[in-house]
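> So that we are looking at the same thing, I have put the structure below in structure tokens.
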Amino acid sequence: MSVSDPPAIKRRPVYLNLVRIRLPLPGIVSILHRISGAALFLFAIPVVLFAMQASVESEDGFASLKSMLANPLCKLILIGLLWAYLHHFFAGIRYLLIDLHVGDDLAPARQSSVAVLGASLILTLIIAVRLW
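Under numbering that gives the first Met the number 0, the first residue of the sequence shown carries the number 0, and numbering increases by one thereafter.
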């Protein structure tokens, strides 16, 4: 370093207010993909294992599971887990296609994000109406 070089300016870290950041739709779909994957791992697997175990254990276990699933709160939880599954499924297909360089430009990425959100929400609503 010569004498005439200006001193290096130390850059301070920038405070990022995560609430004020406006993500594009593909970013929102990406975050929802991670959240839905965590929800499936942490909640859906134990719920499904519990339901399977209770249903095959005895007739009383099956009857109690059936009455528990008639509860509106249980139905809402199942609908939420159903959305998590459907969103994770469709977003996973989207990411597989992006890995194959299909639709990885800006416009197709936005369109596929809309398709993922639309498909997961519409199918969740259709199944929820049938479930309710």
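Using N, Cα and C, we set each Cβ at its ideal position, and we do this for glycine too.
(1) Below 8 Å on the Cβ atoms is my guess for residue 75 versus residue 42; work out the distance and round it to an integer in Å.
(2) So, with DSSP's three-state summary, where would you put residue 87?
(3) Are there 16 or more other CB atoms within 10 angstroms of the CB of residue 40, so buried, or fewer, so exposed?
(4) With a cut-off of 8 Å on the beta carbons, I'd call residue 54 and residue 64 a contact; round off their distance for me.
(5) Whose C-beta lies closer than 7 Å to the C-beta of residue 93 among residues of the same chain, with five residues either side of it excluded?
(6) Taking the CB atoms as reference points, tell me whether residue 29 and residue 87 lie closer together than 9 Å.
(7) Secondary structure at residue 101, three-state DSSP: helix, strand or coil?
(8) Taking C-alpha atoms, which residue in 37, 49 and 13 lies nearest to residue 82?
The relevant details are as follows:
(1) Actually they do not touch by this definition, with Cβ atoms about 13 Å apart.
(2) helix
(3) exposed
(4) 6 Å
(5) 111 and 115
(6) no
(7) coil
(8) 37
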